[in-house]
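Worksheet: one structure, shown below.
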Amino acid sequence: MKITVGGETKEVKDGITISELIEQEKVETPEYVSVSVNEEFEKKENFAARQLKDGDVVEFLYFMGGGQ
Amino acid sequence: MPFTNDQLERYSRHIILKEIGVKGQKKLMNGSVLIIGAGGLGAPAALYLAAAGVGKIGIVDADVVDLSNLQRQVIHTTADVGRPKVESAAEKMKAINPDIEVKTYQEFLASDNIMDVIKDYDFVLDGTDNFPAKFLINDACVMADKPFSHAGILRFKGQLMTVIPHESPCYRCVFKEMPPKNAIPSCKEAGVVGAMAGVIGSLQALEAVKFLTGAGELLTGKLLTFDALTMSFHTVKLPPRGDGCAVCSDHPTITKLVDYEQVACDFDPKHPV
Ligand SMILES: [Zn+2]
Numbered sequence: 001m002k003i004t005v006g007g008e009t010k011e012v013k014d015g016i017t018i019s020e021l022i023e024q025e026k027v028e029t030p031e032y033v034s035v036s037v038n039e040e041f042e043k044k045e046n047f048a049a050r051q052l053k054d055g056d057v058v059e060f061l062y063f064m065g066g067g068q
Numbered sequence: 001m002p003f004t005n006d007q008l009e010r011y012s013r014h015i016i017l018k019e020i021g022v023k024g025q026k027k028l029m030n031g032s033v034l035i036i037g038a039g040g041l042g043a044p045a046a047l048y049l050a051a052a053g054v055g056k057i058g059i060v061d062a063d064v065v066d067l068s069n070l071q072r073q074v075i076h077t078t079a080d081v082g083r084p085k086v087e088s089a090a091e092k093m094k095a096i097n098p099d100i101e102v103k104t105y106q107e108f109l110a111s112d113n114i115m116d117v118i119k120d121y122d123f124v125l126d127g128t129d130n131f132p133a134k135f136l137i138n139d140a141c142v143m144a145d146k147p148f149s150h151a152g153i154l155r156f157k158g159q160l161m162t163v164i165p166h167e168s169p170c171y172r173c174v175f176k177e178m179p180p181k182n183a184i185p186s187c188k189e190a191g192v193v194g195a196m197a198g199v200i201g202s203l204q205a206l207e208a209v210k211f212l213t214g215a216g217e218l219l220t221g222k223l224l225t226f227d228a229l230t231m232s233f234h235t236v237k238l239p240p241r242g243d244g245c246a247v248c249s250d251h252p253t254i255t256k257l258v259d260y261e262q263v264a265c266d267f268d269p270k271h272p273v
């Protein structure tokens with residue numbers, strides 16, 4: 001199935017969970033990433049169980065502390 | 001007061017814009033912005049806001065200019081190494097535009113002084129390099145109902161959002177709690193490309209100009225991310241304001257400012273990044 005991750009369309013296995021996607025996308029500091037699916041933010045405790053569907057739009061939000 | 005001939009000429013490229021015009025330029029000249037951090041993000045923001053004629057600009061930084069700053073903090077020069085950053089920054093800003101007032105704060109902002117500093121400004125720009133400061137600025141601005149621009153940069157990436165407290169989601173609506181010390185890579189550990197600070201700091205300056213003049217739509221309710229390696233901008237919609245947020249919900253659990261441990265981007269306040 002196809003989903004959109006960070007604005008990019010990707011082919012992923014059917015029923016992939018958020019946790020699996022985080023791993024597959026090699027997300028840095030996965031413990032601290034925020035995830036939205038179709039503009040709804042998912043709770044961290046649901047990442048392992050929440051399966052994605054064809055056409056879902058997923059966003060990863062990262063802490064970014066630099067500025068000086 | 002009518003514009004002088006010099007002012008009409010200096011600001012002619014603003015005045016000609018229908019979104020700014022004479023009215024908008026007057027608003028800039030009567031407006032005030034506080035820039036927290038005279039570093040990577042603060043440098044371009046301070047230069048552009050001074051050039052734009054923002055009437056009063058406050059600049060906060062406790063540090064002195066370090067040689068390792070010059071790769072991106074374009075408001076400071078080699079001759080400024082060892083000087084207080086606020087002094088070096090104010091000098092350049094006044095050189096660009098002698099009409100503006102620049103107020104310097106050579107201090108760290110903490111729970112006991114931040115409210116007093118931000119209260120005198122229309123808009124706050126977060127150009128700090130550590131999470132304790134970013135959370136403190138968010139919480140203080142929410143409590144004081146002070147609109148602000150949040151931003152962060154790392155490696156070839158940057159992101160920013162604008163917050164109108166109690167109207168649009170705040171930093172804590174998205175990033176609930178401060179990450180533990182050393183959990184997230186810092187610029188000193190991971191690096192940052194100098195021009196990234198220029199891009200994101202300039203975007204923050206644009207938000208300040210838009211806020212003061214009322215031009216266009218502010219970057220509220222969304223986070224703008226920029227990846228220089230792929231040259232792509234991307235906007236992510238944020239959760240609704242206050243939805244379970246500890247500080248900006250209608251029933252906040254954080255009602256008093258606290259000082260988180262001051263771990264800077266480089267974890268050594270004597271040698272700023
Ligand atoms: Zn909030």
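Chains as they are written, first to last, in the UniProt record's numbering: chain U, 1 to 68; chain A, 1 to 273.
C-beta atoms are modelled at their ideal positions from N, C-alpha and C, and glycine is treated no differently.
Within a 10 Å sphere around the beta-carbon of Pro-180 (chain A) sit fewer than 16 other beta-carbons, which makes this residue exposed. Here the C-alpha atom of Ile-16 (chain A) lies approximately 55 Å from the C-alpha atom of Gly-15 (chain U). Remark: C-beta atoms of Asp-63 (chain A) and Pro-84 (chain A) approach each other more closely than 9 Å. Taking C-beta separations shorter than 7 Å and ignoring five residues to either side along the sequence, the partners of Val-258 (chain A) in its chain run Ser-111, following chain order. For Val-199 (chain A), the closest C-alpha among the options A:Leu-160, A:Ala-140, A:Leu-219 and A:His-166 is that of A:Leu-160.
Ala-79 (chain A) and Val-192 (chain A) have their C-alpha atoms roughly 23 Å apart. Residue ranges of uninterrupted beta strand (DSSP E) with 3 or more members, entirely inside the region 73-129 of chain A and ordered along the chain, are 101-105 and 123-126. Pairing Val-5 (chain U) with Ile-57 (chain A), the inter-Cα distance amounts to about 40 Å. Phe-123 (chain A) and Val-33 (chain A) do touch by the CB rule: their CB atoms are close to 5 Å apart, below 8 Å.
Annotated as proximal: Ile-59 (chain A) and Met-93 (chain A), with beta-carbon spacing under 9 Å. For Lys-181 (chain A), no pairing in a beta bridge is given by DSSP. Separation of Glu-59 (chain U) and Glu-28 (chain U) (C-alpha to C-alpha, rounded to the nearest whole angstrom) is 14 Å. Using a CB distance cut-off of 9 Å, Phe-47 (chain U) does not count as an interface residue toward chain A.
Beyond the five residues adjoining it in sequence on each side, Val-12 (chain U) comes within less than 8 Å, by CB distance, of Met-1, Lys-2, Ile-3, Leu-21, Gln-24 and Leu-52 in the same chain, given in chain order. Not one heavy atom of ligand 1 is found less than 8 Å from the C-beta of Pro-2 (chain A). Cβ contact annotation for Ile-18 (chain U) (same chain, cutoff 8 Å, sequence separation greater than five): Val-35, Val-37, Glu-42, Asn-46, Phe-47, Ala-48, Arg-50, Leu-52 and Val-58, in chain order. Nearest in C-alpha terms to Leu-28 (chain A), of all of A:Pro-240, A:Leu-206 and A:Leu-154, is A:Leu-206.
Only buried fits Thr-104 (chain A), as 16 or more other CB atoms lie within 10 angstroms of its CB. Scanning the region 22-55 of chain U for uninterrupted beta strand (DSSP E) segments of 3 residues or longer gives 34-37 and 40-42, listed from N- to C-terminal end. The C-alpha of Asp-54 (chain U) is placed about 43 Å away from the C-alpha of Thr-255 (chain A). Contact annotation: the region 236-256 of chain A touches the region 168-177 of chain A, with at least three C-beta pairs closer than 8 Å. Gly-66 (chain U) carries a strand assignment under DSSP once its states are collapsed to helix, strand and coil.
Residue-level contact check: Asn-130 (chain A) touches chain U, since one or more beta carbons of chain U fall below 9 Å from its beta carbon. Apart from the 5 residues on each side of it in sequence, Tyr-121 (chain A) sits with its Cβ closer than 7 Å to the Cβ of Ser-32, Val-33, Leu-34 and Gly-58 in its chain, given in chain order. Residue state for Ala-50 (chain A) is assigned as helix, using DSSP reduced to three classes. Proximity to ligand 1 was defined by a C-beta distance below 5 Å to any of its heavy atoms, and the residues meeting it, in sequence along the chain, are A:Cys-170, A:Arg-172, A:Cys-173, A:Cys-245 and A:Cys-248. Counting C-beta atoms within 10 angstroms of its own C-beta, Met-231 (chain A) has fewer than 16 neighbours from the protein chains shown and is therefore classed as exposed. A Cβ of chain A is located within less than 9 Å of the beta carbon of Leu-61 (chain U).
Within the same chain, and ignoring the five residues on either side of Thr-220 (chain A) in sequence, the residues whose Cβ sits closer than 6 Å to its Cβ are Thr-162, Ile-164 and Ser-168. Phe-175, Pro-179, Ala-183, Ile-184, Pro-185 and Ser-186: these are the residues of the region 175-186 of chain A whose beta carbon lies less than 8 Å from some beta carbon of chain U, given in chain order. When rounded, the separation of the alpha-carbon atoms in Met-143 (chain A) and Ser-149 (chain A) is 15 Å. If only complete runs of 4 or more residues are kept, the region 193-217 of chain A shows the alpha helix (DSSP H) at 194-213, in order along the chain. Between Gly-127 (chain A) and Thr-225 (chain A), the C-beta gap is not smaller than 9 Å, which leaves the two residues out of contact. Taking C-alpha positions only, Leu-238 (chain A) is separated from Gln-7 (chain A) by approximately 40 Å.
In this structure, the CA atom of Arg-172 (chain A) is about 10 Å from the CA atom of Arg-241 (chain A). Distance from the CA of Glu-9 (chain A) to the CA of Leu-229 (chain A), rounded to the nearest whole angstrom, comes to 39 Å.
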